[in-house]
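Notes to accompany the following structure.
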Amino acid sequence: MDTFAAIEGRRAVKLYDPNHKLTAEEEQKLFSLATLAPTAFNIQNWRFVILRNPELRQKVREVAWGQAQVTDASLLIVMCADLKAWEKDPARYWRNAPPEVQAFMVPAIGQYYRGRDQVARDEAMRSCGIAAQTIMLAAKAMGYESCPHGRLRL
Ligand SMILES: Cc1cc2nc3c(=O)[nH]c(=O)nc-3n(C[C@H](O)[C@H](O)[C@H](O)COP(=O)(O)O)c2cc1C
């Protein structure tokens, strides 16, 4: 499937086969594509949490207006972020770049984030939004449907 077809074909689908399971290879493919999503300064601050426990998913469904896709979709991915990713050995995010690029980018990360919690939160929201769309389009191209959800009251 080409990109245009994935964008045009993706819809927020509500009904899923609760017995279907992705193979390990499919999950691996989906998340390897997800981690190609861009992040500011390449800090890769998204964290993807897959809720597999049926009882936990049922509890989440209850605070998500009882929506069936929360328990029935083959994957329930909670988009999380590490707000401190910027200060955790930031040189690793640029280790494959030329030395002069590393010398510029690595200190710039700290200058951008240090003492600016709102910036860290804003960047987390951006990163997660872009990654979520990447996941949904990748899923579509793999033959799967998806449904985004907003913040749940947990
Ligand atoms: C942040 C966000 C939260 C959403 N929450 C829900 C939701 O709780 N349940 C649902 O069925 N769809 C939800 N949607 C999907 C939208 O309703 C849907 O994307 C929109 O109506 C457009 O339809 P389409 O995605 O099929 O084109 C959400 C979408 C976004 C971006």
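When we follow numbering that gives the first Met the number 0, the leftmost residue of the sequence shown carries the number 0, and every step to the right adds one. Every residue gets a Cβ at the ideal spot worked out from N, C-alpha and C, and that includes glycine.
Exclusion of the five residues before and after Asp71 leaves Tyr15, Pro17 as the residues of its chain whose Cβ lies within less than 6 Å of its Cβ. Ala36 sits in coil when the DSSP states are folded into three classes, being neither helix nor strand.
Looking only at Cys79, Tyr143, Arg91, the smallest Cα-Cα distance to Ala123 is reached by Cys79. Ala140 is the residue among Ser145, Ile49, Ala140, Asn52 whose C-alpha sits nearest the C-alpha of Thr2. At a Cβ-Cβ threshold of 8 Å, Ala11 and Cys146 count as neighbours. Residue pairing by DSSP places Val77 opposite Val48 in a beta bridge.
From the listed residues Phe47, Ala39, Lys28, Ala4, the smallest Cα separation to Ala107 is found for Ala39. About 7 Å separates the Cβ atoms of Ala90 and Gln101, confirming a contact at the 8 Å cut-off.
When the five nearest sequence neighbours on each side are left out, the beta carbons in the same chain lying within less than 7 Å of the beta carbon of Val77 are those of Val48, Leu50, in order along the chain.
Where Met135 is concerned, the enclosing alpha helix (DSSP H) starts and stops at 116-140.
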